[in-house]
Amino acid sequence: MSKPMTKTQLVAALAEAMGADKKTASAALDAVADVVTREVAAGGAVTLPGIGKVSCRARPERQVRNPATGETMTKAADKQVKVTIAKSLKDSVNG
Numbered sequence: 001m002s003k004p005m006t007k008t009q010l011v012a013a014l015a016e017a018m019g020a021d022k023k024t025a026s027a028a029l030d031a032v033a034d035v036v037t038r039e040v041a042a043g044g045a046v047t048l049p050g051i052g053k054v055s056c057r058a059r060p061e062r063q064v065r066n067p068a069t070g071e072t073m074t075k076a077a078d079k080q081v082k083v084t085i086a087k088s089l090k091d092s093v094n095g
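What follows is the structure, given as structure tokens:
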């Protein structure tokens with residue numbers, strides 16, 4: 001398995017694909033990240049065409065077990081970010 005692409009490498013690839021400079025590509029990447037973060041934090045969902053859907057769901061209070069001590073404790077309700085991968089991306093990886 002290869003190493004994940006770094007932000008610098010992603011910005012360079014975006015700049016090349018867009019035919020723009022790295023500063024513009026970096027600003028575009030940051031803007032997309034900000035929009036997704038803001039929308040998901042507000043409880044919404046964002047669909048990134050060809051990639052997938054990023055959403056937030058609430059998890060209720062529940063009982064959990066500490067594996068070190070075996071003690072059962074109550075974990076407070078929280079939110080979980082979920083990413084559902086698009087079928088087209090799955091197909092391109094597997095095909």
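By my numbering, the letter at position 34 of the sequence shown is numbered 34, and the numbering carries on one by one without gaps. Ideal Cβ placement from N, Cα and C applies to all residues, glycine included.
Cβ contact annotation for L29 (same chain, cutoff 8 Å, sequence separation greater than five): K7, L10, V11 and L14, in chain order. With contacts defined as CB atoms closer than 8 Å, G52 and A86 qualify as a contacting pair.
With respect to the 8 Å criterion, R62 and K75 are classified as neighbours on the basis of their beta carbons. Straight through space, the alpha carbons of K3 and L48 are spaced by roughly 23 Å. Listed as beta-bridge partners of T72 by DSSP are R65. Excluding the 5 residues flanking it on each side, C56 has same chain C-beta neighbours closer than 6 Å at V40, G43, K79 and V81, in chain order.
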